[in-house]
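Below: the structure, in structure tokens.
Numbering (the working numbering), first residue to last: 30 to 380.
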């Protein structure tokens, strides 16, 4: 009944094990304050639940346009950035033209390409976790993919690829997608190039700034490109509640979001310093809201020991160039302290 390519796919999985401290999904650790939830509750109560939402999410696009200093016509919204990844995979280039990306990276690029049956070209990162310009250039030259996906900063490594390399590579592909899910923590973007139509589009998300439950993603691009993507966007894809809640939080709660993001950035620097002081820990600098780290005791064992003590992190050791690595996102100060204490305890037990 199902297409052969579907029967060979594997469903996307995430860490769901119960734990007292969950630092595995790169979420903002701060929930909305009670006063803001009351405002949300009031706004949601006024929704006509028998009506479809605005198919263009016009008000939300206006708010985001103001925040990002673009025009609403430069934005198309998705049910999470995942939907926009799928839309781009469907819309850009012909079905027989492939997509390319460095690995390890966000797995949805592969999932979406496999779902629609497009060729995939994966290029391993260099040992320093930067993009391999020479090998990527060879793929672009020899296979002519229609899309080059770039996670910027990269998930799960946390680093920003060389800007100079990306500037050269993007000129060799019909469209480069700068996936800036962690933009709020890095401040680095290809937005200006995207607005000029320089064969770049930018992806953003509200998931990493405290609204993961809403599933709202955004694409920023030149107006004519955005108009084409509206042709493949499903109608009413961003729900009425998601639109209304995001509107309230991004207007009345904007100061809280900015405070929460600044707290994470501050804790990121503290956590980096503390991890660097631990023996038997190699930690990789990050411009996102998480860290990649490695110990000599095996990622499976360390992950298991941490979970037994109530701390959940992500085991990424199965990915290329990440042998022995785990990923931990930045939590609240007290959560980070528990993680550091627990990790230290585990390492002492394994020595």
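Virtual Cβ for every residue (Gly too), placed ideally from N, Cα, C.
CA nearest to the CA of residue i, picked from the options
i: residue 344; options: 54, 36, 50; result: 54
i: residue 113; options: 51, 348, 266, 226; result: 266
i: residue 36; options: 70, 140, 183, 68; result: 140
i: residue 322; options: 258, 288, 78, 369; result: 369
i: residue 125; options: 31, 197, 173; result: 173
i: residue 215; options: 136, 314, 163, 33; result: 314
i: residue 222; options: 199, 377, 235, 333; result: 199
i: residue 109; options: 242, 164, 312, 294; result: 242
i: residue 135; options: 43, 49, 59, 95; result: 43
i: residue 217; options: 228, 356, 123, 187; result: 187
i: residue 33; options: 58, 144, 93; result: 144
i: residue 261; options: 291, 116, 326; result: 116
i: residue 263; options: 83, 38, 123; result: 83
i: residue 60; options: 377, 240, 189; result: 240
Cut-off 7 angstroms between Cβ atoms - residues of its own chain near residue i, not counting five sequence neighbours on either side
i: residue 76; result: 269, 270, 273
i: residue 362; result: 296
i: residue 371; result: 335, 338, 340
i: residue 352; result: 346
i: residue 138; result: 114, 128, 130, 178
i: residue 294; result: 214
i: residue 235; result: 243, 245, 275
i: residue 183; result: 134, 190
Straight-line gap, residue i to residue j (C-alpha atoms, nearest Å)
i: residue 129; j: residue 105; result: 23 angstroms
i: residue 284; j: residue 238; result: 12 angstroms
i: residue 98; j: residue 142; result: 31 angstroms
i: residue 85; j: residue 72; result: 19 angstroms
i: residue 331; j: residue 101; result: 47 angstroms
i: residue 211; j: residue 233; result: 8 angstroms
i: residue 342; j: residue 47; result: 11 angstroms
i: residue 245; j: residue 276; result: 11 angstroms
i: residue 10; j: residue 207; result: The requested residue 10 is not part of the displayed model; the chain covers only 30 to 380.
i: residue 319; j: residue 259; result: 33 angstroms
i: residue 171; j: residue 192; result: 23 angstroms
i: residue 230; j: residue 195; result: 13 angstroms
i: residue 257; j: residue 324; result: 47 angstroms
i: residue 90; j: residue 379; result: 51 angstroms
i: residue 298; j: residue 366; result: 13 angstroms
i: residue 159; j: residue 81; result: 45 angstroms
i: residue 156; j: residue 70; result: 49 angstroms
i: residue 67; j: residue 310; result: 43 angstroms
i: residue 132; j: residue 40; result: 19 angstroms
i: residue 253; j: residue 107; result: 18 angstroms
i: residue 364; j: residue 50; result: 6 angstroms
i: residue 209; j: residue 78; result: 33 angstroms
i: residue 219; j: residue 181; result: 9 angstroms
i: residue 166; j: residue 30; result: 39 angstroms
i: residue 15; j: residue 149; result: As shown, the chain starts at 30 and ends at 380. That puts residue 15 outside it, with no answer to give.
i: residue 225; j: residue 348; result: 35 angstroms
i: residue 151; j: residue 376; result: 34 angstroms
i: residue 189; j: residue 197; result: 15 angstroms
i: residue 312; j: residue 333; result: 19 angstroms
i: residue 354; j: residue 74; result: 46 angstroms
i: residue 52; j: residue 292; result: 16 angstroms
Residue i classed as buried or exposed, judged by whether at least 16 other C-beta atoms fall within 10 angstroms
i: residue 305; result: exposed
i: residue 185; result: buried
i: residue 87; result: exposed
i: residue 111; result: buried
i: residue 328; result: buried
i: residue 317; result: buried
i: residue 205; result: buried
i: residue 360; result: buried
i: residue 147; result: buried
i: residue 62; result: exposed
i: residue 2; result: Shown here, the chain extends from 30 to 380; a query on residue 2 therefore has no answer.
i: residue 250; result: buried
i: residue 56; result: buried
i: residue 118; result: buried
i: residue 96; result: exposed
i: residue 93; result: buried
Contacts around residue i, its chain only, beta-carbon distance under 6 angstroms, and the 5 residues preceding and following it disregarded
i: residue 301; result: none
i: residue 350; result: 154
i: residue 121; result: 175, 176, 204
i: residue 58; result: 360, 361
i: residue 303; result: 369
i: residue 395; result: The structure shown has nothing for residue 395, since the chain only spans 30 to 380.
i: residue 164; result: 152
Own chain, CB closer than 8 angstroms to residue i, minus 5 neighbours either side, in chain order
i: residue 65; result: 277, 278, 281, 282, 285
i: residue 255; result: 102, 103, 104, 105, 248
i: residue 373; result: 307
i: residue 290; result: 57, 213, 214, 238
i: residue 227; result: 199
i: residue 161; result: 131, 152, 153, 154, 155
i: residue 202; result: 129, 169, 174, 175, 176, 177, 228
Any C-beta of chain B under 8 angstroms from that of residue i
i: residue 290; result: Of the chains in the structure shown, none is chain B; there is only one protein chain.
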